[in-house]
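S.K.: Every position in the sequence shown, counted from 1, becomes a number in the working numbering once 8 is added. No residue lacks a Cβ here, since even glycine has one placed at the ideal position from N, Cα and C. Just so you know, these numbers come straight off a predicted model, no measurement behind them.
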Amino acid sequence: MSNVVSRYDVSKLFDDMMLQMDVLEQTMANSMKIEREEMEEVMKDQIKRLHYTLDEVEKVMKEQKNLKLEAKPNIPYNQRAYPVSV
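1) Can you tell me the Cα-Cα spacing of residue 80 and residue 66, whole angstroms?
2) Please report the distance separating the alpha-carbon of residue 53 from that of residue 64.
3) What residue range is occupied by the uninterrupted alpha helix (DSSP H) comprising residue 74?
4) Measure the alpha-carbon distance for residue 24 versus residue 58 and round it to whole angstroms.
5) Between the alpha carbons of residue 19 and residue 47, how many angstroms are there, rounded?
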């Protein structure tokens, strides 16, 4: 039995391994691209939800401010705050 391997067999094996490495590299690149796109979509959705939430908070705060202004009686500056009984 001979353990001799032809140069052609070694070269073919090496070429096959390099092709597999190229395929693996391309697959990983595609996977990363898809993952990045998915993450961008998730982030865009979160940003939209955050903007909506902030708009709602601003609306509620404005309503509360208006209610406080309406509830507070306006006393003219030239009138006494407490009426004096005579």
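M.R.: To lay it out plainly:
1) Here the alpha carbon of residue 80 sits roughly 21 Å from the alpha carbon of residue 66.
2) 17 Å
3) 15 to 79
4) So the two alpha carbons sit approximately 51 Å from each other.
5) When rounded, the distance between both Cα atoms is 42 Å.
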